[in-house]
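Input: a single structure, listed below in structure tokens.
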Amino acid sequence: MSDAALSTVLEAVLLAAGRPVSVEQMLELFEEQQRPTADAARAALVELASACEGRAFELREVASGWRLQVRPQHAEIVSRLWQERPSRYSRALLETLALIAYRQPITRGEIEDIRGVTVSSTIMRTMQERNWIRVVGHREVPGRPELLGTTREFLDYFGLRSLDDLPTLAELRDLDDIKVQLEFPGGPPESGLPALPAAAPAAADEDAGPDDDEAREPTEPEAGTLVALPPDVEPR
582 MSDAALSTVL
592 EAVLLAAGRP
602 VSVEQMLELF
612 EEQQRPTADA
622 ARAALVELAS
632 ACEGRAFELR
642 EVASGWRLQV
652 RPQHAEIVSR
662 LWQERPSRYS
672 RALLETLALI
682 AYRQPITRGE
692 IEDIRGVTVS
702 STIMRTMQER
712 NWIRVVGHRE
722 VPGRPELLGT
732 TREFLDYFGL
742 RSLDDLPTLA
752 ELRDLDDIKV
762 QLEFPGGPPE
772 SGLPALPAAA
782 PAAADEDAGP
792 DDDEAREPTE
802 PEAGTLVALP
812 PDVEPR
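Going by this note's numbering, the sequence shown opens with residue 582, and the numbers climb by one from there.
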């Protein structure tokens, strides 16, 4: 099979999947006698990515594989296809998630020490329900508190191949106050960037409203923006 033909086949696979697909998963779809090599598949994906230039969608590699997705500049209009409101997340949740992403493995107590407030149970439950964080071990201290880290789903959601794609701490503004808002170009469903074929985004949920714990937090200025770098390394 020529590279051009293989590129077309892989495009069809990604369009039908509507989710990230790894090279290994793509190869399993072929009969053994027709199965291309992994190098041939990657070369075809590079050709497909080039063919997407100037189109309304792009080919992007994330932690779980490759996916076709709407380009960020079309997000606002495309998001109007659905009646549901986009998910909104509280500042406290975004700060907590950022701390886990940058300082993992980290305990809930360490997060509370850094932020100076109690971490809401609602925040922890929201991140766990979205499978953005997981328990990766226990700190060998009295009580053996859980150590938290991010998941592959976290990387996929924010359009990252690995944690190395996160901006360096030097690139973040207002670092002392951890004024971070996780808004990545080209990744989050809440930004109206569905994979192709387009599917309705996750049901909106208003996590922005404070719960009992968050209600005690002082009013803070609006967060800055955390922008992901182009992916170029393998996932951890």
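Quick reminder that beta carbons are idealized off the backbone N, C-alpha and C, glycines included.
Buried or exposed: where does L595 fall if 16 or more other Cβ atoms within 10 Å of its Cβ makes it buried? buried
Quick one: what does DSSP say F638 is sitting in, helix, strand or coil? strand
Got a sec, what are the start and stop residues for the beta strand (DSSP E) T731 sits in? 727-731
Just list the alpha helix (DSSP H) runs in the region 653-692, keeping only unbroken ones of 4 residues or longer that don't cross its boundaries, in chain order. Whole alpha helix (DSSP H) segments, 4+ residues: 656-659, 672-684.
Just the C-alpha distance for L610 and L729, rounded to the nearest angstrom, thanks. 36 Å
Roughly how many angstroms separate the alpha carbons of V818 and R720, rounded to a whole number? No answer is possible for residue 818: it lies beyond the span of the chain, which begins at 582 and ends at 817.
Taking the beta carbon of L662 as the centre, do at least 16 other beta carbons fall within 10 Å, making it buried, or is it exposed? exposed
S645 versus T703 - alpha carbon distance: 27 Å
Check each candidate in S603, E628, Q614, E612 and name the one with the smallest Cα separation from D584. E628
When burial is assigned at 16 or more other CB atoms within 10 Å of the CB, is R641 buried or exposed? With 16 or more Cβ atoms within 10 Å of its Cβ, R641 is classed as buried.
Going by DSSP, which residues form a beta bridge with I714? T731
Secondary structure of V698, DSSP reduced to three states: coil
Please state the DSSP three-state secondary structure of V594. helix
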